[in-house]
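Participant: Numbering (the numbering used here), first residue to last: 493 to 761. A virtual CB, placed ideally from N, CA and C, is assigned to each residue, including glycine. The structure follows.
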Amino acid sequence: MNPSTLIGIFASIVLLICVLFFTAESPESFINLPGLALVITGTFAATFISYPLKEVLRVVRLVGVVFKREDTHVRADIDELVSLSRLWTQGNVRGVENQLEYVRNPFLRSGIQLLIANTREDEIFDVLQWRITRLKAREQADAQIFRTMATYAPAFGMIGTLVGLVNMLEVVDAGQLDIIGPRMAVALLTTFYGILMANLVFKPIAVKLERRTEERLITMNMVLEGISLMSKRRLPSFIEETLNSFIANYHDELSDRNVKPRPASAQEE
493 MNPSTLIGIF ASIVLLICVL FFTAESPESF INLPGLALVI TGTFAATFIS
543 YPLKEVLRVV RLVGVVFKRE DTHVRADIDE LVSLSRLWTQ GNVRGVENQL
593 EYVRNPFLRS GIQLLIANTR EDEIFDVLQW RITRLKAREQ ADAQIFRTMA
643 TYAPAFGMIG TLVGLVNMLE VVDAGQLDII GPRMAVALLT TFYGILMANL
693 VFKPIAVKLE RRTEERLITM NMVLEGISLM SKRRLPSFIE ETLNSFIANY
743 HDELSDRNVK PRPASAQEE
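Here it is as structure tokens:
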């Protein structure tokens with residue numbers, strides 16, 4: 493499982509425990525099943541109205557991505573690209589075709605197949621760039637669904653609060669003033685549920701999916717650059733160094749504090 497997700501879930505549980513047991517006289521005062529049902533049902537109902545069924549069902553399956561650690565195999569893709577480029581610069585097309593059967597990345601495999609078919613570089617770039625754009629649009633749309641749910645949940649929480657306030661006013665009209673406080677608390681709980689679900693469930697999932705898309709786009713652009721260099725028949729060592737720059741971690745592009753200081757004698761010269 494993704495360690496950051498585990499930390500987030502643990503911190504959320506601790507937060508809820510603190511809210512339930514240290515800020516209220518009774519933990520049961522934060523439990524309002526009808527209000528919770530209103531927020532959940534209303535949020536999902538509005539989501540199904542807003543989006544096609546197939547998109548909502550696809551997004552529900554993506555929730556599992558948040559809980560598992562996804563390896564993009566970037567290092568393996570670089571090694572495969574460098575190995576294929578060696579064969580390609582040697583003119584060993586048959587060797588490239590044989591090794592292509594064991595390539596795991598379908599995006600990389602498609603690009604190499606276009607290269608073997610003597611497709612022009614600009615046409616290869618256009619085809620692969622279109623696939624990158626399509627993946628970006630689809631996955632951003634998936635994350636947007638969760639962002640939409642994050643806006644619906646507080647809205648339905650407010651609706652529950654308004655319903656509770658109407659019921660409370662009926663109690664005031666009847667003269668039962670001793671239960672105004674409990675009715676007010678129940679009315680406000682639906683807003684609490686809506687805000688909690690928006691900021692601890694829906695928005696974090698959306699951000700996680702967006703970060704996943706960014707990492708996948710970096711990998712795809714790296715593969716695109718590698719295939720472009722192969723089409724220009726650049727040296728495998730140059731291709732490897734270029735592709736390594738996609739996964740290198742630089743804290744500062746202009747300054748490296750880990751560099752050893754220059755000796756005094758060298759400074760005087």
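How would you label V506, buried or exposed, when you count the other beta carbons within 10 angstroms and need 16 or more for buried?
Facilitator: Looking at its Cβ environment, which holds fewer than 16 other Cβ atoms inside 10 Å, V506 is exposed.
Participant: Spatial neighbours of T640 within its chain, please: C-beta separation below 7 Å, excluding the five flanking residues on both sides.
Facilitator: Counting only Cβ-Cβ distances below 7 Å, and skipping sequence neighbours, we find T539, S542.
Participant: Quick one: grab the DSSP three-state call for I509.
Facilitator: In this structure, I509 counts as helix in the three-state DSSP scheme.
Participant: Sort F684, Q632, F730 by Cα distance to P646 and report the nearest one.
Facilitator: Ranking F684, Q632, F730 by Cα distance to P646 puts F684 first.
Participant: Determine, using beta carbons only, whether D634 and L701 come nearer to each other than 7 Å.
Facilitator: The answer is yes: Cβ separation under 7 Å.
Participant: Give the C-beta separation of I672 and V664 to the nearest angstrom, bearing in mind that I take them to be a contact with Cβ-Cβ under 8 Å.
Facilitator: Contact flag correct, Cβ pair sits at about 6 Å.
Participant: Of the residues L688, S737, Y594, which one's Cα is nearest the Cα of I532?
Facilitator: Comparing Cα positions, the closest option is L688.
Participant: Anyone know if the C-beta pair for A698 and F648 falls short of 7 Å?
Facilitator: It is not a contact, given that the beta carbons lie outside the stated cut-off.
Participant: To test your reading of the DSSP string, which unbroken alpha helix (DSSP H) runs of 4 or more residues are found completely within the stretch 525-600?
Facilitator: Entirely contained in the stretch 525-600, the alpha helix (DSSP H) runs reaching 4 residues are, in chain order, 525-542, 545-559, 566-581, 585-592.
Participant: Could one say the Cβ of L661 lies closer than 7 Å to chain C's Cβ atoms, at least one of them?
Facilitator: Reference to chain C is not applicable here, since this structure consists of a single protein chain.
Participant: Output needed for S577: all residues of its chain with C-beta closer than 7 Å, excluding positions within five of it in sequence on either side, in chain order.
Facilitator: So the list reads M722, P728, I731, once near-sequence residues are dropped.
Participant: Quick test of your reading: N597 and D618, contact by CB under 8 Å. State the CB separation rounded to the nearest angstrom.
Facilitator: The pair is not a contact, with the Cβ atoms about 19 Å apart (cut-off 8 Å).
Participant: One question on the structure: do K661 and A679 come within less than 7 Å of each other, judged by their Cβ atoms?
Facilitator: Lys is not the amino acid found at residue 661; the sequence shown has Leu there. Taking 7 Å as the Cβ cut-off, L661 and A679 do not qualify as a contacting pair.
Participant: How far does the alpha helix (DSSP H) with F694 in it extend, from its first residue to its last?
Facilitator: Element bounds for F694: n/a, residue is neither H nor E.
Participant: Give a yes or no on whether the C-beta atoms belonging to A642 and F559 are separated by under 7 Å.
Facilitator: Taking 7 Å as the Cβ cut-off, A642 and F559 do not qualify as a contacting pair.
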